[in-house]
Amino acid sequence: KITIIIRLQEIGDVSGEAVSLRMLAYVHLAQVDGDRKLCLSLYSKSLALSRDMRDILGQAMCHEGMGDALVELHDPKAAAKHYSQALSLREAASKPFFYADAAAAAAA
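Counting the sequence shown from 1 gives a position; our numbering is that position plus 612.
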């Protein structure tokens, strides 16, 4: 495990942990020889934390990153599902009272 992630877990900084996992996933995605499966795993962990915190935009970013990784893994159908979820979350976030709307969109 990465030292910063461990430290964030120790102090209970769930938001910081979610963002750090998302950034690590992005680094793996951005590298030509990056590990796309590890990228998906990191985005998935960040997504779970973002859901727990009701961080709608964090969830959208995770779905977008997962879509990007799946495109590179030659799985366009799965990528499209994540892009669709990201779009629904971003649209919900632009409306008043977006937490309830986004929760409904994410559950669909």
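All C-beta atoms in this analysis are idealised placements derived from N, C-alpha and C, irrespective of residue type, glycine included.
No experiment lies behind these values; they were computed from the predicted model shown.
By how many angstroms is the C-alpha of His675 removed from the C-alpha of Phe710? Numbered from its first residue, the sequence shown carries residue 710 at position 98. Numbered from its first residue, the sequence shown carries residue 675 at position 63. Interpretation of Phe710 is limited by its pLDDT of 49, a score under 50 that renders its predicted location unreliable; the figure taken from the coordinates is listed afterwards. One C-alpha to the other measures close to 17 Å.
Looking only at its chain, what residues have a beta carbon closer than 8 Å to the beta carbon of Ile616, apart from the 5 residues adjacent to it on each side? Here residue 616 refers to the residue found at position 4 of the sequence shown. Answer for Ile616: Ser632, listed in chain order.
Ile614 (DSSP reduced to helix, strand or coil): Residue 614 sits at position 2 when you count from the first residue of the sequence shown. DSSP places Ile614 in coil when its eight states are reduced to three.
In angstroms with no decimal places, state the Cα-to-Cα distance between Asp687 and Gly679. For the purposes of this step, residue 687 is taken as the residue at position 75 of the sequence shown. For the purposes of this step, residue 679 is taken as the residue at position 67 of the sequence shown. So the alpha carbons of these two residues sit roughly 9 Å apart.
Could you tell me the distance, in whole angstroms, from the CA atom of Lys689 to the CA atom of Ala705? By 1-based counting over the sequence shown, the position of residue 689 is 77. By 1-based counting over the sequence shown, the position of residue 705 is 93. If I take the Cα positions, the gap works out to 24 Å.
Residue range of the alpha helix (DSSP H) that Val729 falls in? An answer regarding residue 729 cannot be provided, because it is not within the stretch 613 to 720 covered by the chain.
Rounded C-alpha distance that separates Arg663 from Leu636: Numbered from its first residue, the sequence shown carries residue 663 at position 51. Numbered from its first residue, the sequence shown carries residue 636 at position 24. Rounded to the nearest angstrom, the two C-alpha atoms are 18 Å apart.
Applying the criterion that 16 or more other CB atoms from any shown protein chain within 10 Å of the CB defines a buried residue, is Arg634 buried or exposed? Looking up residue 634 in the sequence shown gives position 22. Counting Cβ neighbours within 10 Å, Arg634 comes out buried, since at least 16 surround it.
Would you mind giving the Cβ-Cβ distance between Ala672 and Leu641, rounded to the nearest angstrom? I have them listed as a contact below 8 Å. Here residue 672 corresponds to residue number 60 of the sequence shown, with the count starting at 1. Here residue 641 corresponds to residue number 29 of the sequence shown, with the count starting at 1. Wrong, their Cβ atoms sit about 16 Å apart, outside the cutoff.
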